[in-house]
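Residue numbers (full-length UniProt numbering): 1 to 276.
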């Protein structure tokens with residue numbers, strides 16, 4: 001049996017009892033980086049384990065080796081450095097090959113950075129699309145963001161600390177008032193999750209939002225429906241929700257009016273009539 005075992009994304013206590021049991025009983029643990037996995041095992045006093053390296057550069061070769069282990073009735077646990085295997089991490093190739101061989105795979109639920117950031121953002125989570133890491137080339141990144149910003153569902157993106165400012169800059173160029181959330185150091189001591197307009201987040205990056213730690217960016221869905229008359233009552237509700245999430249009332253009114261291409265004074269009057 002192959003077990004896909006989710007590991008902590010920061011705080012080492014974010015691991016299930018079942019995951020610890022599987023790691024203790026596994027004959028072999030396949031790791032993205034054996035050094036990182038060894039730290040986790042040491043923390044929980046799991047000793048005497050055979051660790052093998054399984055990462056994006058040796059997936060094909062090691063997948064065949066792991067299948068040999070499984071055919072010999074050994075139990076193998078697959079882990080990544082943090083989070084769930086196969087989610088922007090190695091594992092897909094192995095799982096597919098194992099299923100083709102008629103062997104068994106089971107996944108253990110656990111920590112996931114994207115979902116943790118989403119539910120903490122205050123941005124709607126009924127429907128969402130996970131994009132992982134976006135293209136690095138400027139032209140490809142711009143095209144991808146233009147597509148994402150037209151989507152009617154919430155979007156989840158991963159980004160490195162070295163490229164986060166570039167990503168938010170590109171979002172701001174396309175739609176500066178779109179509500180986004182940036183989350184860093186999730187579950188760690190300096191966890192930070194901020195939800196505001198893209199232009200406000202950009203202004204804070206490098207200041208009170210440090211460019212350190214891996215980032216998850218949540219982009220709110222596109223609310224503009226082409227060809228449909230704009231309902232001012234709905235606009236007022238959007239502004240109210242932004243204010244409830246900490247945005248200044250004047251900024252929320254100005255940015256939302258700009259986003260939907262409507263008269264700011266008209267929205268201002270309707271908002272104050274309903275909520276003031």
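Think of the CB as a built atom: it goes at the ideal place given N, C-alpha and C, for glycine as much as any other residue. The structure displayed is predicted, hence computed values, not measured ones.
Taking the Cβ atoms as the reference, residue 178 lies roughly 23 angstroms from residue 213, outside the contact range of under 8 angstroms. The bridge partners DSSP lists for residue 128 are 154. A residue is called buried when at least 16 other Cβ atoms come within 10 angstroms of its Cβ; residue 85 meets this threshold and is buried. In the same chain as residue 43, and ignoring 5 residues on each side of it, the C-beta atoms closer than 7 angstroms to its own belong to 12, in chain order.
In its chain, beyond the 5 residues on either side, 180, 182, 198, 201, 202, 205 and 217 have a beta carbon closer than 8 angstroms to the beta carbon of residue 168. Inclusion of residue 66 and residue 2 in the CB contact set at 9 angstroms is warranted, their separation being smaller than that value. Counted as a single uninterrupted DSSP element, the beta strand (DSSP E) harbouring residue 77 occupies residues 76-79. Between residue 25 and the set 127, 82 and 51, the nearest pair of CA atoms involves 51.
Scanning 155, 15 and 154 for the CA closest to the CA of residue 82 turns up 15.
If you draw a straight line from the Cα of residue 74 to the Cα of residue 140, it comes to about 44 angstroms. With contacts defined by Cβ atoms closer than 9 angstroms, residue 259 and residue 210 do not form a contacting pair. The residue among 255, 186, 234 and 264 with its C-alpha nearest the C-alpha of residue 215 is 186.
Taking residue 121 as the centre and dropping the five residues before and after it, the same chain places the C-beta of 181, 195 and 218 closer than 6 angstroms to its C-beta, in chain order. Counting the other Cβ atoms within 10 Å of the Cβ of residue 92 gives fewer than 16, which makes it exposed.
In terms of CA proximity to residue 233, 268 leads the group 268, 131 and 247.
CA-CA distance, residue 143 to residue 68, rounds to 43 angstroms.
Here residue 130 has 114 and 156 as same chain residues with Cβ atoms under 7 angstroms from its own Cβ, once five neighbours each way along the sequence are excluded.
Listed in chain order, the alpha helix (DSSP H) runs fully inside the stretch 165-247 are 198-204 and 232-244, counting runs of at least 4 residues. Collapsing the DSSP output to three states places residue 13 in coil.
Exclusion of the five residues before and after residue 111 leaves 6, 8, 9, 14 and 83 as the residues of its chain whose Cβ lies within less than 6 angstroms of its Cβ.
In this model, residue 238 and residue 272 are separated by some 14 angstroms (Cα to Cα). Ranking 37, 36 and 100 by CA distance to the CA of residue 63 puts 100 first.
For residue 47, no beta strand (DSSP E) segment is defined, and its DSSP state is neither H nor E.
Exclusion of the five residues before and after residue 191 leaves 185 as the residues of its chain whose Cβ lies within less than 6 angstroms of its Cβ. With a 10 Å radius around the Cβ and a threshold of 16 neighbouring Cβ atoms, residue 119 comes out exposed.
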